[in-house]
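Per numbering that gives the first Met the number 0, the sequence shown runs over residues 0 to 163. For every residue, glycine included, the Cβ atom is placed at its ideal position computed from N, Cα and C. Just so you know, these numbers come straight off a predicted model, no measurement behind them. This report concerns only the one structure given below.
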Amino acid sequence: MTVVKNNGDARYAVAIALQTAMAELKMRPSDLGKLMHVTTNRARSWIDEGLTPRSEHFQPLCEEFGFDPDEFGFEILRDEDLPPMAPVEFGRIFASARMKQQLTIQFVARWSGVHYITLSRIERGIALPQEATVKRLCDVLGLDEAEMQKKRLCALKGAQKKRR
């Protein structure tokens, strides 16, 4: 199995390429949404934030606009290259960053849009967050998103290993 790292710079490169192509074609977000069979809000998020190769829409978008998927610089990681990490270790990274900045769970929850109970479960290693949740928490806590997405995959691998 191959896993694609959610690299923030590469994702931003997708957004820039999309913005440029749409400007040349005089397309609006609603036009992109119709073309790709998604809502206008989803299309806007691609324009603002890009998307990753893990998205089911990445390949069709590249084909539609003539983008070379390799030009964006996403790092490909093989499953066997990822060392397993205990989910509790992953959660401690967020807890440690929050406590170093002397922030409460409620404060981080409010600014990230993640419910405080969910954040508490993540910090204790009871729950593993989705990619979007990791991004929001990294934005608030000032953590490197690409590194945390990689660690998330390691924690997922660790959780699967534990279940066996």
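Asked, Found
"Collapsed DSSP secondary structure at E79 in the structure displayed", "helix"
"Touching by the beta-carbon criterion (3+ pairs, under 8 Å), the region 38 to 56 and the region 86 to 105", "no"
"Ordered list of beta strand (DSSP E) runs contained in the region 26 to 83, each at least 3 residues", "75 to 77"
"Y11 versus K150: straight-line alpha-carbon distance, rounded", "20 Å"
"Which listed residue (G65, Q58, P59) has its alpha carbon closest to that of L24", "G65"
"Rounded distance between the beta-carbons of P86 and A154, thought under 8 Å", "5 Å"
"Contact under 8 Å by Cβ, M21 with L34", "no"
"Whether G7 touches A145 by CB criterion (8 Å)", "yes"
"Residue closest to Q129, alpha-carbon to alpha-carbon, out of V113, H56, E74", "V113"
"Simplified DSSP assignment, three categories, for A96", "helix"
"Selected residue, minimal CA-CA separation from T19, among Q105, I46, L142, D143", "I46"
"Collapsed DSSP secondary structure at T19 in the structure displayed", "helix"
"Contact belief for H118 with V107 at Cβ below 8 Å, rounded distance in angstroms", "Note on residue identity: the sequence assigns Leu, not His, to residue 118. Yes, they are in contact, since the Cβ atoms of L118 and V107 sit about 6 Å apart, within 8 Å."
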